[in-house]
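If you read the sequences in order, they're chains A and B. Under the numbering used here, the first residue of the first sequence carries the number 1, and numbering increases by one thereafter. Under the numbering used here, the first residue of the second sequence carries the number 1001, and numbering increases by one thereafter. What follows is a short report on a single structure.
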Amino acid sequence: GDSVTQMEGPVTLSEEAFLTINCTYTATGYPSLFWYVQYPGEGLQLLLKATKADDKGSNKGFEATYRKETTSFHLEKGSVQVSDSAVYFCALRSNYQLIWGAGTKLIIKP
Amino acid sequence: NAGVMQNPRHLVRRRGQEARLRCSPMKGHSHVYWYRQLPEEGLKFMVYLQKENIIDESGMPKERFSAEFPKEGPSILRIQQVVRGDSAAYFCASSPTAENEKLFFGSGTQLSVL
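Shown next as structure tokens:
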């Protein structure tokens, strides 16, 4: 069945460092891909999405490109801030269901 | 426009008791999804409901768990005879259409079973 595999956390970085959180998927067809973020004590929020190959989703300085050839949707940010500390979830949409990765906890130290 | 409201935020139950989790979707949303999040794990789909109908309950345990989304009022996730393994965060999400490209999540209910 369809699945999403994410980089294991926690990922600990210093402020202003470059961030990459890896996400790969297996799916039949061409699913839509998503990154959600969960700040401490809150529900998930959609961060960005891409609906077809080579699309780039971006929001709040985060980017991810839908790579069909490598079945990947890695999340990147050029310069992280303490306020980016959260858990990040990669997901794909299969029919009407969202298939989730396990989440990657990101800790940014000042 | 209020977001998705879940209550209670924290629920403590003893083994064998019943837990009732409530979710009020965003105004105008008629599609509700329930997910369970275990510590250090991702979200697991449980059930998808539209008003008065269960569309997909393939992620929900066959016993002790049930869900409803009545014509009036919030969606309810009900867990009977809770066990320690039911301890988790339960999230509700809603969307305006079946094409759930963008889900709006509640803040979750943390269930602790003693």
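Using N, Cα and C, we set each Cβ at its ideal position, and we do this for glycine too.
Taken through DSSP and simplified to helix, strand or coil, Gly1042/B comes out as coil.
At a cut-off of 7 Å, the C-beta of Gly1/A has no neighbouring C-beta in chain B.
Straight-line spacing of the CA atoms in Met1060/B and Leu1077/B works out to 10 Å. Burial check for Phe18/A: the Cβ neighbour count within 10 Å stays below 16, so the residue is exposed. Not a single C-beta of chain A is nearer than 7 Å to the C-beta of Gly1073/B.
Bridge pairing for His74/A: absent [DSSP].
Contact between the segment 59–74 of chain A and the segment 23–42 of chain A is present: 3 or more CB-CB pairs across the two stretches fall below 8 Å.
For Gly103/A, the chain B residues whose C-beta falls within less than 7 Å of its own C-beta are Gly1042, listed in chain order.
Under the criterion of beta carbons closer than 8 Å, Phe1105/B and Gln1037/B do not qualify as touching, at roughly 11 Å. Secondary structure note for Glu63/A: its beta strand (DSSP E) is the uninterrupted segment Phe62 to Thr65.
The Cβ atoms of Gly1028/B and Pro1096/B lie closer than 7 Å to each other.
Per DSSP, the continuous beta strand (DSSP E) segment holding Gln97/A begins and ends at Gln97 to Trp100. Residues of the segment 1059–1070 of chain B with a C-beta less than 9 Å from any C-beta of chain A: Gly1059, listed in chain order. Against chain B, the beta carbon of Gly43/A has neighbours under 9 Å at Gly1003, Val1004, Gln1006, Phe1091, Cys1092, Ala1093, Phe1104, Phe1105, Gly1106, Ser1107 and Gly1108, listed in chain order.
Taking Ser1107/B as the centre and dropping the five residues before and after it, the same chain places the C-beta of Gln1006 and Arg1009 closer than 7 Å to its C-beta, in chain order.
Only those residues of the segment 9–27 of chain A whose C-beta falls short of 8 Å from the nearest C-beta of chain B would be listed, and there are none. Following the DSSP letters along the chain, one finds Arg1084/B in no beta strand (DSSP E), marked with neither H nor E. Annotation for Gly9/A: Thr104 and Lys105 place their beta carbon closer than 6 Å to its own, counting only its chain and skipping 5 residues before and after. Scanning its chain for C-beta atoms nearer than 6 Å, with the 5 sequence neighbours on each side dropped, one finds around Gln1110/B the residues His1010 and Ala1089, in chain order. DSSP, read as helix, strand or coil, puts Ser83/A in helix. When Lys52/A, Leu75/A, Thr12/A and Glu15/A are compared, the shortest CA-CA separation from Asn59/A is found for Leu75/A. The beta carbons of Ile1079/B and Phe1065/B sit closer together than 7 Å.
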